[in-house]
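A.B. asks: Below you will find the structure I want to go over with you.
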Amino acid sequence: MKAIKPQVGHQVGRSLPRLEAREKVTGRAEYTHLMQLPGMLQAKILRSTVAHGRIKSINTTDAKKIPGVFGVYTGDDIRTVIPDPYYGPAFHDQPILAIGKVHFVGEPVAAVLAADPHIAEQATQRIIAEYEELPAIFDEVEAAENKVLVHEELKPAGTFADLKHLKGRKGTNIALDFRLRRGDVDKGFASAAHVFEHTFRTQKVLHLALEPYASIADYREDGVTIYSGAQSPSFVRTEIARLLSWPENRVRVKVPYLGGGYGGKLYIKMEALAVALSMLARRPVKVALTMEEQFYTITKHPSTFRIKSGIDKDGKIIARKCEVWWNGGAYADVGPRLTQKSGFTASGPYDIDNVSIDSYALYTNLTPAGALRGFGIPQLVWAYESHTDMIARALKRDPVDFRKQNLLHDGRPQATGTILKNAAIEKVLDRIAERLNWKKPFDRGQGVVRRGRGLAVALKAVISPTTSVAVVNIAADGSATLYCGTVDMGQGSDTAMAQMVGEVLDMPAESVRVVPRDTDVTPYDMGTLGSRSLFHMGHAVRLAAEEARDKIAALRRELGEPEGSNAPLGDLFRKKYGMQAGNIVGTGIYKPDYIPPDSSGLTTNATPFWMVAGSGVELEVDTETGHVRITRLINVADVGKPINPKIVETQLSGASLMQLGFSMFEKMHVDGGQITNASLADYKIPAIHDVPPVMENMTVDAVQDNGPFGAKGVGELATFGVSPAIANAIDDAIGVRLTELPMTAEAVLRGLYVKDNRPLGDD
Amino acid sequence: LTPFDLVEPASLKEAIALIDPDDPDVRPIAGGTALMLMMKAGVFRPTRLVSLRRLRNGLGQITSTMDGELKIGAMTPLTAIEHSSEVKRAAPVIARTMRRLANVRVRNVATIGGALAHADPHMDLPPVLIALGASVSIAGISSERSMTVEDLLTGYYETALAKNELITELRIPTQGNSQAVYFKVTAGSVDDWPALGLAAAIVSEGDTVRSVRLVVSAATSKPMRLTAAERALNGQIANEVHLKRVADIAAEEADIIADIRGSASYKRELLRVFTARAVRAAMEPRGAPH
């Protein structure tokens, strides 16, 4: 911070280096995983070895005998301190430790506490758990047939009004069914000149933050303090207070920096277990997972998407039917939300009169699935942008022209009926096409190596309605401090928020102190998720800073300062209070308007803003091996007016590379419910050699009219178009269409062999 | 990790004496890059580790003889081999292989002796060393012996070493006119373990193969010579028609295993393709890039 010369004048629009960068690269930043408290015990977890089973017995006798073991605890022990130990944002279905049954391989069954984590780990090996195995279900489409049931009864949390009707429902794995009906899709198909139907699938992958899940709980009679790598500290406070039947003010959640989140660290992860164990042990307890244990915590949703489109003789899409099955794993987490919210835009960024969408959240006997950078949208775009390209090619239409003919424009109703506004879809598409020199001839390669190019565009509605609160506090020397609950997990939000405070108060962003997240100090925020923070918290921060600015102006007037006086703030405080004393506090609360969808999934206000982005790809295929080399990756987004252009660019590149891994090779291999590659030795994420040699990350000229300083969120955007752009480019290169992720070299070669009528064997 | 004894003997003799051949929980540790992962995963829980760290003075040298034989002490870190001018001169394929072997942090710590004793079939150096005809010196409690790397590696994580034997030196014979290549073929991330490794060392005259060693790894349970393919190549003109035949023979003879990195049928296709590519590359005029 000292090395940077503070810049006065406009703060919004500056490519200010991240405020915390120096602290992080010099190893000074604090992370939960590394924190220690006096007297702290460490927990290690015994996990289920079966995918679905009744717990016959858990014998902890031998484990307790190991010297250094403080205690060994099961679900029954948890119940002595928390009688109803089930948690979750949408459903109260997840027990802190398994009770009665286990529902996936890796589910926590018992926990050992010891001062030495190695002793605790050793002791977990001495616990003997016996199960009566039950039939298990892993596939989302099969789960919908309800032949094997994961849970006997649905237990919606009641927080969300639109889930209430599911309470007590029995005999089903469907945790939510969202339906949208617009126009008459059957009539549309009947009058169509061409009808196309395809099915697309995505695989199970995970967030794999480089800081694994970690929480510390310090329970006292009068309150509990939780230190956690959490993306939603306010939710943790509310949910822990509910579990303990305490008022919220006895639960304090402190969040240092996060070593990555990506949606995994939302809601409750290790916090409830840490609290329960601290209650039992009466000592501070840390639950810090290994890298390998992340595979048993939360993942992205695998999905199956059957999509059908009717096209009239002029090439206009007149009907689209979407059926999406989301593999939610053993506990709902936020899956039902994802199922509904992503359902809003399952038909894509196109102007279609007749739309039918069915989106199902399914329970299966796998690691639970939740939010992962895109909240379901990357799975949907994978399907609808592959499908759209396939239609264009079948109709011998240029893929860009076909899209442009059908694109949704501002002022037109989207599938939900909400009128599109500030959604620069066509600008994004045009920019990608321009960067790809789409209209110019393209070198298609020769011999073994063939080249292709492809693109995709997408639309997302932000999760709504959600609330953010911020406080700006001006000290008596005129320095400003921001209190807000947005968690900086590497996305640079602290820097962007400081820039907004600086803009309003006319001071360098570097001089604004952003207080670390602490629910005793920082006010409510729904959570750092779904690219909502810059918009929602940005507004709250702006409002708080504006209120402070207005109060400063009022003070100037009160003190008889002439209009337009620029007397230093510190002088005003001294004049008012006779010494350096006092504060000016501004608060801001922001909650956008929202109208829930009716029984047909329609609403005139589905979202406060639309997210728009797309990708373009050039690649080479080795036709002898199936290896795909992406030579150029272009990501274009509409972020309104960027608050910090450099951070926007790095968010776009980071998101697209994350999705590149999900597109090309990442996959949790599951065999009978067992994950067979649950380690970084066998599950690879993109590394430097996987990065395309040419990457372009850019925004289009746009303004979000209702956004703070014309801006909107960016974190997820570049995940949307990557997978289908690659699939479309592979088809362009070699005429092979992949409909399942990941697009491995083997999948490509198999496709080539099928095309040559000599399919590869299955061994 | 659970607590264990760590002993650091100063001599080879002492080190061998400290290893109890009847106790599987006592093992030698060199760089530890593989062993530590096994310990972290709980696959191996030692009661005692015999660190070979202090043997590096005696067993950490790279020397070459007048006639071009290369001798590498077993405790030499991979990085030292990667950057050794002797190695670059005598067997440049080794230096090239290192560039994509794990990462620089692993190469700084892992040793050549440890890499061979570990016998993970996915490792990059064993197929290369077999292609080069390398052998190892092995010290036991009262005897020394020597064997080829090919004979050393007997199976999936299995070697011909007795529990209380240690590799002391790697010897790579003079390569003469032989030209060697190695292809690390990954199926997912570029940084993944290979789905297939293929090494070739060829002495050629124009288009004619005078002698050849072809070694497949990663797709098989241990690195293996493709002897039938070698026979089909020896003394023959390696034109495209013949190379296709040789590739088919290689794919036929190798015992390929399916795993998360690919099906056996896919890896067989990779073997076919890279057999031809490796032979072609090893017959390119000297200095040509590949």
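Listed in order, the protein sequences are those of chains Y and A.
In terms of the numbering used here, the first sequence opens at residue 2 and continues consecutively.
In terms of the numbering used here, the second sequence opens at residue 733 and continues consecutively.
For each residue, glycine too, the CB sits at the ideal point set by N, CA and C.
Since Ala-614 (chain Y) contacts Phe-710 (chain Y) with CB under 8 angstroms, what's their CB separation in whole angstroms?
C.D. replies: As a working note, residue 614 (chain Y) is residue 613 in the first sequence. As a working note, residue 710 (chain Y) is residue 709 in the first sequence. 20 angstroms between Cβ atoms; not a contact.
A.B. asks: Cβ of Asp-757 (chain Y) less than 8 angstroms from any chain A Cβ?
C.D. replies: Residue numbering aside, residue 757 (chain Y) sits at position 756 when the first sequence is read from its first letter. Chain A, which has no Cβ nearer than 8 angstroms to the Cβ of Asp-757 (chain Y), makes this no.
A.B. asks: Between the C-alpha atoms of Arg-451 (chain Y) and Tyr-754 (chain Y), what's the straight-line distance to the nearest angstrom?
C.D. replies: One-based indexing of the first sequence puts residue 451 (chain Y) at position 450. One-based indexing of the first sequence puts residue 754 (chain Y) at position 753. Near 15 angstroms, if we compare the C-alpha coordinates of Tyr-754 (chain Y) and Arg-451 (chain Y).
A.B. asks: Compare the C-beta of Lys-685 (chain Y) against all C-beta atoms of chain A and say whether one is closer than 8 angstroms.
C.D. replies: If you number the first sequence from 1, residue 685 (chain Y) lands on position 684. Answer yes: the Cβ-Cβ gap between Lys-685 (chain Y) and chain A drops below 8 angstroms somewhere.
A.B. asks: Expressed to the nearest angstrom, what Euclidean distance is found between the alpha-carbon atoms of Tyr-888 (chain A) and Lys-954 (chain A)?
C.D. replies: For the purposes of this step, residue 888 (chain A) is taken as residue 156 along the second sequence, with counting starting at 1. For the purposes of this step, residue 954 (chain A) is taken as residue 222 along the second sequence, with counting starting at 1. The straight-line gap from Cα to Cα measures roughly 6 angstroms.
A.B. asks: Do Val-516 (chain Y) and Leu-483 (chain Y) have their C-beta atoms within less than 8 angstroms of each other?
C.D. replies: Taking the first sequence and counting its residues from 1, one reaches residue 516 (chain Y) at position 515. Taking the first sequence and counting its residues from 1, one reaches residue 483 (chain Y) at position 482. Result yes, Cβ atoms of Val-516 (chain Y) and Leu-483 (chain Y) sit closer than 8 angstroms.
A.B. asks: Check this for me: beta carbons of Leu-135 (chain Y) and Arg-55 (chain Y), under 8 angstroms apart or not?
C.D. replies: Here residue 135 (chain Y) refers to the residue found at position 134 when the first sequence is read from its first residue. Here residue 55 (chain Y) refers to the residue found at position 54 when the first sequence is read from its first residue. In contact: Leu-135 (chain Y) and Arg-55 (chain Y) (Cβ atoms closer than 8 angstroms).
A.B. asks: Counting only beta-carbon atoms, is Ile-761 (chain A) nearer than 8 angstroms to chain Y?
C.D. replies: Translated into positions along the second sequence, residue 761 (chain A) becomes position 29. With 8 angstroms as the cut-off, Ile-761 (chain A) does not count as an interface residue toward chain Y.
A.B. asks: What separation, rounded to the nearest whole angstrom, lies between the Cα atoms of Ser-949 (chain A) and Ala-932 (chain A)?
C.D. replies: As a working mapping, residue 949 (chain A) is identified with position 217 in the second sequence. As a working mapping, residue 932 (chain A) is identified with position 200 in the second sequence. About 12 angstroms.
A.B. asks: Rounded to the nearest angstrom, what separates Leu-383 (chain Y) and Gln-652 (chain Y) at their Cα positions?
C.D. replies: Against the first sequence, residue 383 (chain Y) aligns to sequence position 382. Against the first sequence, residue 652 (chain Y) aligns to sequence position 651. Leu is not the amino acid found at residue 383 (chain Y); the sequence shown has Trp there. Whole-angstrom Cα-Cα distance: 20 angstroms.
A.B. asks: When you check each C-beta in the region 739 to 773 of chain A against every C-beta of chain Y, which residues fall closer than 9 angstroms?
C.D. replies: From the region 739 to 773 of chain A, only Leu-769, Lys-772, Ala-773 have a Cβ closer than 9 angstroms to chain Y.
A.B. asks: Pull up the distance between the alpha-carbon of Leu-506 (chain Y) and that of Pro-569 (chain Y), whole angstroms please.
C.D. replies: To locate residue 506 (chain Y), count along the first sequence from 1; it is residue 505. To locate residue 569 (chain Y), count along the first sequence from 1; it is residue 568. Taking the straight line from one Cα to the other gives about 12 angstroms.
A.B. asks: Just tell me which of Y:Ala-393, Y:Phe-403, Y:Lys-461, Y:Gln-43 has its CA closest to the CA of Asn-423 (chain Y).
C.D. replies: Translated into the one-based positions of the first sequence, residue 423 (chain Y) becomes position 422. Ranking Y:Ala-393, Y:Phe-403, Y:Lys-461, Y:Gln-43 by Cα distance to Asn-423 (chain Y) puts Y:Lys-461 first.
A.B. asks: Rounded to the nearest angstrom, how far is the Cβ of Asn-328 (chain Y) from that of Glu-141 (chain Y), given a contact under 8 angstroms?
C.D. replies: Position 327 of the first sequence, counted from the start, is the residue given in the question as residue 328 (chain Y). Position 140 of the first sequence, counted from the start, is the residue given in the question as residue 141 (chain Y). The Cβ separation is near 4 angstroms, so the contact holds.
A.B. asks: Would you report the Cα separation of Asn-567 (chain Y) and Gly-503 (chain Y), rounded to the nearest angstrom?
C.D. replies: Here residue 567 (chain Y) is taken as the residue at index 566 of the first sequence, counted from 1. Here residue 503 (chain Y) is taken as the residue at index 502 of the first sequence, counted from 1. Approximately 16 angstroms, taken between the alpha carbons.
A.B. asks: Here's the rule: buried if 16 or more other CB atoms are within 10 angstroms of the residue's CB, otherwise exposed. What is Asn-767 (chain Y)?
C.D. replies: Here chain Y comprises residues numbered 2 to 764, so residue 767 (chain Y) is not present and cannot be evaluated.
A.B. asks: Can you check whether the C-beta of Leu-750 (chain Y) is within less than 8 angstroms of a C-beta belonging to chain A?
C.D. replies: Working through the first sequence from its first residue, we reach residue 750 (chain Y) at position 749. Chain A, which has a Cβ nearer than 8 angstroms to the Cβ of Leu-750 (chain Y), makes this yes.
A.B. asks: Is any beta-carbon of chain Y found at less than 8 angstroms from that of Pro-1017 (chain A)?
C.D. replies: Indexing the second sequence from 1 puts residue 1017 (chain A) at position 285. Chain Y contact via Cβ: absent.
A.B. asks: Distance cutoff 8 angstroms, beta carbons only. Does Val-922 (chain A) sit that close to anything in chain Y?
C.D. replies: Counting from 1 along the second sequence, the entry for residue 922 (chain A) is found at position 190. Yes, contact with chain Y.
A.B. asks: For Ala-231 (chain Y) and Arg-518 (chain Y), what's the separation of their Cα atoms in angstroms?
C.D. replies: What you label residue 231 (chain Y) is simply residue 230 of the first sequence in a count that begins at 1. What you label residue 518 (chain Y) is simply residue 517 of the first sequence in a count that begins at 1. C-alpha separation (whole angstroms): 10 angstroms.
A.B. asks: Taking all protein chains shown into account, do 16 or more other C-beta atoms lie within 10 angstroms of the C-beta of Ala-4 (chain Y), making it buried, or fewer, making it exposed?
C.D. replies: Taking the first residue of the first sequence as position 1, residue 4 (chain Y) is located at position 3. Residue placement at Ala-4 (chain Y) is flagged as unreliable, the pLDDT there being 49, under the threshold of 50; a coordinate-derived value is accordingly withheld.
A.B. asks: Measuring CB atoms only, is the region 557 to 565 of chain Y touching the region 723 to 741 of chain Y, in the sense that at least three cross pairs come out at less than 8 angstroms?
C.D. replies: Verdict: no, contact absent.
A.B. asks: Quick one: Cα of Glu-133 (chain Y) to Cα of Leu-367 (chain Y), how far?
C.D. replies: Stepping through the first sequence from its first residue, residue 133 (chain Y) is reached at position 132. Stepping through the first sequence from its first residue, residue 367 (chain Y) is reached at position 366. Approximately 18 angstroms between the Cα atoms of the pair.
A.B. asks: In whole angstroms, what separates the C-alpha of Thr-417 (chain Y) from that of Pro-350 (chain Y)?
C.D. replies: Locating residue 417 (chain Y) in the first sequence gives position 416, where the first residue counts as 1. Locating residue 350 (chain Y) in the first sequence gives position 349, where the first residue counts as 1. The alpha-carbon atoms of Thr-417 (chain Y) and Pro-350 (chain Y) are separated by roughly 12 angstroms.
A.B. asks: Does the distance from the C-beta atom of Tyr-361 (chain Y) to that of Val-325 (chain Y) stay below 8 angstroms?
C.D. replies: In the first sequence, the residue the question calls residue 361 (chain Y) occupies position 360. In the first sequence, the residue the question calls residue 325 (chain Y) occupies position 324. Closer than 8 angstroms, so yes.
A.B. asks: Is DSSP giving Glu-962 (chain A) helix, strand or coil here?
C.D. replies: By one-based count along the second sequence, residue 962 (chain A) stands at place 230. Of the three classes helix, strand and coil, the one that applies to Glu-962 (chain A) here is helix, per DSSP.
A.B. asks: In chain A, which residues lie less than 8 angstroms from Phe-666 (chain Y) when you measure between Cβ atoms?
C.D. replies: Against the first sequence, residue 666 (chain Y) aligns to sequence position 665. Residues of chain A passing the Cβ test: Ala-919, Gly-920, Ser-921, Asp-924.
A.B. asks: Report the three-state DSSP secondary structure of Lys-255 (chain Y) (helix, strand or coil).
C.D. replies: In the first sequence, the residue the question calls residue 255 (chain Y) occupies position 254. Three-state result, Lys-255 (chain Y): strand.
A.B. asks: Hey, which unbroken runs of the alpha helix (DSSP H) at 4 residues or more fall wholly within the region 406 to 470 of chain Y?
C.D. replies: Segments of the alpha helix (DSSP H) lying fully in the region 406 to 470 of chain Y: 426 to 436.
A.B. asks: When the Cα of Ile-751 (chain A) is compared with those of A:Met-879, A:Ser-783, A:Ala-961, A:Glu-876, which residue comes out closest?
C.D. replies: Stepping through the second sequence from its first residue, residue 751 (chain A) is reached at position 19. Of the listed residues, the one whose Cα sits closest to Ile-751 (chain A) is A:Ser-783.
A.B. asks: Should Val-237 (chain Y) and Glu-198 (chain Y) be called a contact, given that it needs their Cβ atoms to be closer than 8 angstroms?
C.D. replies: Translated into the one-based positions of the first sequence, residue 237 (chain Y) becomes position 236. Translated into the one-based positions of the first sequence, residue 198 (chain Y) becomes position 197. No, the pair does not count as a contact, with Cβ atoms beyond the cut-off.
A.B. asks: With three or more beta-carbon pairs closer than 8 angstroms as the criterion, would you say the region 993 to 1010 of chain A touches the region 745 to 763 of chain Y?
C.D. replies: At 8 angstroms Cβ cutoff, the stretches touch.
A.B. asks: Which residues of the region 692 to 724 of chain Y have a Cβ closer than 7 angstroms to any Cβ of chain A? Give them in chain order.
C.D. replies: Cβ contacts with chain A: none found.
A.B. asks: Which full runs of the beta strand (DSSP E) of 3+ residues lie inside the region 100 to 141 of chain Y, going along the chain?
C.D. replies: Counting only runs of 3 or more, we get 109 to 115, 129 to 134.
A.B. asks: Any idea if Ser-997 (chain A) is buried or exposed, counting beta-carbon neighbours within 10 angstroms, 16 or more meaning buried?
C.D. replies: Position 265 of the second sequence, counted from the first residue, corresponds to residue 997 (chain A). Under this definition Ser-997 (chain A) is a buried residue.
A.B. asks: With 7 angstroms as the C-beta to C-beta threshold (strictly closer), list the residues of the region 976 to 1009 of chain A near chain Y in chain order.
C.D. replies: From the region 976 to 1009 of chain A, only Ala-990, Ile-992, Gly-994, Ser-995, Ala-996, Ser-997, Tyr-998, Glu-1001, Leu-1002, Val-1005 have a Cβ closer than 7 angstroms to chain Y.
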